[in-house]
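Student: So that you can map any letter, position 66 of the sequence shown is 157 in our numbering, and since no number is skipped, the others follow by simple counting. Structure provided below as structure tokens; questions to follow.
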Amino acid sequence: MAEIKAFDVDKWIKDFKKRLYEKYKPEKIIIFGSRARKDNLIESDIDFVIVSKMFEGMKWPRRLAAVSELWKGLIAIEPLCYTPKEFDIKKRQLGIVNRAVEEGVEI
Numbered sequence: 092m093a094e095i096k097a098f099d100v101d102k103w104i105k106d107f108k109k110r111l112y113e114k115y116k117p118e119k120i121i122i123f124g125s126r127a128r129k130d131n132l133i134e135s136d137i138d139f140v141i142v143s144k145m146f147e148g149m150k151w152p153r154r155l156a157a158v159s160e161l162w163k164g165l166i167a168i169e170p171l172c173y174t175p176k177e178f179d180i181k182k183r184q185l186g187i188v189n190r191a192v193e194e195g196v197e198i
């Protein structure tokens, strides 16, 4: 595998965000986990919460697959894809989405 640099990761995230906006017009994209805390390794995966009205009527596995297809980076991503209504409920509950809202970085 080619050497991964921070610049590469930043570019992959920027390109991914652009593709997400073109296809799903998200209301919110949050990076959370080690990347948001800045304690990641260069090869650490990237955790995303993505909120879009366009996920309505789409089953959870399809959302993840469709969003993952837009990622062109050499490291793994872990997307969590919610409709605005689902996100509003999840962010109030104890769990990963609540933690992402509290500790994450909106991009």
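We put the CB at the ideal spot given by N, CA and C, even for glycine.
Between Ile133 and Lys96, what straight-line distance do the alpha-carbon atoms span, to the nearest angstrom?
Tutor: The count along the sequence shown starts at 1 and reaches residue 133 at position 42. The count along the sequence shown starts at 1 and reaches residue 96 at position 5. Going by the C-alpha atoms only, they are around 7 Å apart.
Student: Let me know if Trp162 comes out buried or exposed under the rule of 16 or more other beta-carbons within 10 Å of its beta-carbon.
Tutor: Here residue 162 refers to the residue found at position 71 of the sequence shown. Result: buried.
Student: Reducing DSSP to helix, strand and coil, say where Lys119 ends up.
Tutor: Along the sequence shown, read from residue 1 onward, the residue named residue 119 stands at position 28. Of the three classes helix, strand and coil, the one that applies to Lys119 here is strand, per DSSP.
Student: May I ask you to verify whether the segment 176-183 touches the segment 107-117, counting CB pairs closer than 8 Å and requiring at least 3?
Tutor: No, they do not touch.
Student: Taking only the alpha-carbon atoms, compute the straight-line gap between Val100 and Pro170 and give it to the nearest angstrom.
Tutor: For the purposes of this step, residue 100 is taken as residue 9 along the sequence shown, with counting starting at 1. For the purposes of this step, residue 170 is taken as residue 79 along the sequence shown, with counting starting at 1. Computed Cα separation, rounded: 16 Å.
Student: Ignore the nearest five residues each way along the sequence and tell me which others in Ile198's own chain have a CB closer than 8 Å to its CB.
Tutor: On the sequence shown, residue 198 is found 107 positions in, with the first residue counted as 1. Closer than 8 Å at Cβ, skipping near neighbours: Ile104, Lys108, Ile120, Ile121 and Ile122.
Student: If the criterion is Cβ atoms closer than 8 Å, does the pair Cys172 and Val158 meet it?
Tutor: Within the sequence shown, numbered from 1, the residue matching residue 172 stands at position 81. Within the sequence shown, numbered from 1, the residue matching residue 158 stands at position 67. Yes, the pair counts as a contact, with Cβ atoms nearer than the cut-off.
Student: Of the choices Ser125, Glu147, Leu165 and Val142, whose alpha-carbon is the least far from that of Phe98?
Tutor: What you label residue 98 is simply residue 7 of the sequence shown in a count that begins at 1. When each option's Cα is compared against that of Phe98, the closest is Leu165.
Student: Starting from Ile168, trace the beta strand (DSSP E) in both directions and tell me its first and last residue.
Tutor: Position 77 of the sequence shown, counting from 1, holds the residue named residue 168. Here the beta strand (DSSP E) through Ile168 covers Ile168 to Tyr173.
Student: Is Ile137 helix, strand or coil by DSSP?
Tutor: As a first step, residue 137 is located in the sequence shown; it is residue number 46 there, counting from the start. Note: Ile137 maps to strand in three-state DSSP.
Student: In whole angstroms, what separates the C-alpha of Lys102 from that of Leu185?
Tutor: What you label residue 102 is simply residue 11 of the sequence shown in a count that begins at 1. What you label residue 185 is simply residue 94 of the sequence shown in a count that begins at 1. Between Lys102 and Leu185, the C-alpha separation is close to 32 Å.
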